[in-house]
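Chains as they are written, first to last, in the working numbering: chain Z, 1 to 115; chain S, 116 to 229.
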């Protein structure tokens, strides 16, 4: 099955600085890579995603890059704000067989933005 | 409507109780999921339903019993749970098959087993 590694587990940055979170995946057949933000006590919410036919995607202060050859993808947040503080999960969507697909999550990164 | 609705939001149950968690979506998604999330951990997949059929059971104990009555509803029946089963239970839905689309999560049911 798919295995997703995520680093770092915790990240503290000063407000206004950039934050980068990196993930690797094991299954070369995985084709969809979402990033979720989860605030304390709330549901995971999608912030950006990328498909395997795209190398980079940007949405305002958030960008994701994908290197299919190396099987890694990264989240970049620029001009961080205190409200960016949360746990961020990367995930990879792969084929579990028999036409079933599932998301496998990384262990999460707790991002703290210091005012 | 891009909502996945879960009820109840909170549930406290004894180890001999039987209870059910409910999940509903009206986005036409034909894949629905149950995840379990412990504090400071990622969501852990329990079950996947694809076109109302159970397609993945990640070796979940039989005290958890999923049910998909129709394409909009997903239930999780609970019986004889243990205190270590206390967690946030998240339902999610997405398009089924090879299409790679967003999975929408419900707000979760915070379960406490006493």
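Glycine included, every Cβ here is placed at the ideal spot set by N, Cα and C. As the structure is a computational prediction, the values presented were derived from the model and not from experiment.
Residues of chain Z whose Cβ lies closer than 8 Å to the Cβ of residue 181(S) do not exist, since the nearest Cβ in that chain is about 14 Å away. With respect to residue 113(Z), residue 74(Z) sits apart: the two C-beta atoms are not nearer than 7 Å.
Per DSSP, residue 225(S) is one residue of the beta strand (DSSP E) stretching across 224-228. Put simply, the backbone Cα of residue 179(S) is about 13 Å away from that of residue 148(S). In the structure shown, the three-state DSSP call for residue 84(Z) is helix. The alpha-carbon separation between residue 10(Z) and residue 42(Z) amounts to approximately 19 Å. In the three-state reduction of the DSSP assignment, residue 8(Z) falls in the coil class, being assigned neither a helical nor a strand state. Judged by beta-carbon spacing, residue 72(Z) lies beyond the 7 Å limit of residue 20(Z), meaning their Cβ atoms are not closer than that value. The Cβ of residue 60(Z) sits no closer than 7 Å to any Cβ of chain S. In this structure residue 158(S) is in contact with residue 205(S), their Cβ atoms being roughly 6 Å apart against a cut-off of 8 Å. Around the beta carbon of residue 30(Z), 16 or more other beta carbons sit within 10 angstroms, so the residue counts as buried.
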